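Notes for the one structure printed next.
In structure tokens:
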């Protein structure tokens, strides 16, 4: 389909041509003829305003065809053309950004060893934090054991306020640690998924795929067990 803006070029050329002819021979600018869409044939010695959105023919004085001026863009067509050009500009900019990102990725990770080293550095502290949280959860379980044993003496009765407060505090702390561990594992999975996606992309780039030709980076969900 012809780009709507391309329709302006013949019209513009025609107007320039007529203007030049008018300067050289102002008495012979030709006869403008068009059908206004309502069954009327209009003629004039200049562009016909009623036919700006319709084809206009320019005839010589002897009736022969000098040139055809295509319809000008309607307001709606101009909006569509501008929107199309905006999308095209955004796509060009996105492509430039994709090329830049891929080149940066290649510069940062020239080989698989460099990428794996970066992965290990990124997740090492996260692994340590998760292990510390898991150890804290085990410690809380140990602390709760004597509290639970003491609570056995009060079966069927209300626990002493202090004992109940200690058990509740332990349960609250344990729940917080479990939530923290879940978040840490999810983050570890997310980071590993990102490195997996980068590695899959890098393998194609290392094999010779042109930067910017692989589309957006696709990161799989991090719901799978995280690498430890």
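Numbering (the numbering used here), first residue to last: 27 to 254.
Beta carbons are placed, not taken as given, at the ideal position from N, Cα and C, and that holds for glycine.
Quick caveat, the model's predicted, so the values are computed rather than measured.
Rounded to the nearest whole angstrom, the CA to CA distance from residue 70 to residue 105 is 30 Å.
The beta carbon of residue 238 lies closer than 7 Å to those of 121, 124, 125 and 128 in the same chain, with the five residues before and after it left out. Under the three-state reduction of DSSP, residue 131 is assigned to helix. Straight-line measurement puts the Cα of residue 55 at about 18 Å from the Cα of residue 81. CA-CA distance, residue 200 to residue 216, rounds to 24 Å. Taking the Cβ atoms as the reference, residue 203 lies roughly 4 Å from residue 163, within the contact range of under 8 Å. Contiguous beta strand (DSSP E) elements confined to the stretch 87-126 occur at 91-95, taking only those with 3 or more residues. Ranked by how close their Cα comes to the Cα of residue 99, the residues 108, 225 and 229 have 108 in first place. DSSP places residue 245 in the coil class of the three-state scheme, outside both helix and strand. Counting along the chain, no alpha helix (DSSP H) covers residue 85; the unbroken beta strand (DSSP E) around it starts and ends at 82-85.
Note that the stretch 131-146 touches the stretch 218-227; at least 3 beta-carbon pairs, one per stretch, sit closer than 8 Å. In the three-state DSSP reduction, residue 206 falls in the helix class (H, G or I). Taking one beta carbon from each stretch, the stretch 163-182 and the stretch 141-150 have fewer than 3 pairs nearer than 8 Å; the two do not touch. Distances from the alpha-carbon of residue 89 to those of 177, 205 and 57 put 57 closest. Note that the C-beta distance between residue 85 and residue 59 is below 7 Å. Excluding sequence positions up to five before and after residue 220, its CB lies within less than 7 Å of the CB of 245, all in the same chain and listed in chain order. For residue 57, the enclosing beta strand (DSSP E) begins and ends at 57-61. Between the alpha carbons of residue 184 and residue 197 lies a gap of roughly 18 Å. In the three-state reduction of the DSSP assignment, residue 166 falls in the helix class, which pools H, G and I.
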